[in-house]
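The numbering of the sequence shown is the working numbering, which starts it at 1 and goes up by one.
Ideal placement from N, C-alpha and C gives every residue a C-beta, glycine not left out.
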Amino acid sequence: MVGNKDVEDSLQRLDKLTHEEAQMAAAELLKVVHRVDDRIEVVHGDMREIGNMAQNGMQGISNAVNGISGDVRDISGA
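Structure below.
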């Protein structure tokens, strides 16, 4: 009987350690996921900024073309 109690106690300790290790692994995984999420947010912000610059650049080009067209009309009408 004494041997069985020792085995049972050892299995309970092993079970407790297994659960603790699983919790620690889950906590580490959560940290990694948060870091990845933070980096994705940064990349998303950068992409949004690049999109805005491209849109503003295209608008600037469009304004310049319109200005040139107006100048050509002024010269043609003169």
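Output needed for residue i: all residues of its chain with C-beta closer than 7 Å, excluding positions within five of it in sequence on either side, in chain order.
i, result
"ASN52", "none"
Within its chain, find whatever has a CB closer than 6 Å to the CB of residue i; leave out the 5 residues flanking it on each side and keep chain order.
i, result
"ASP38", "none"
"HIS44", "none"
What residues in its chain sit with their C-beta under 8 Å from that of residue i, if we drop five residues either side in the sequence?
i, result
"GLU8", "none"
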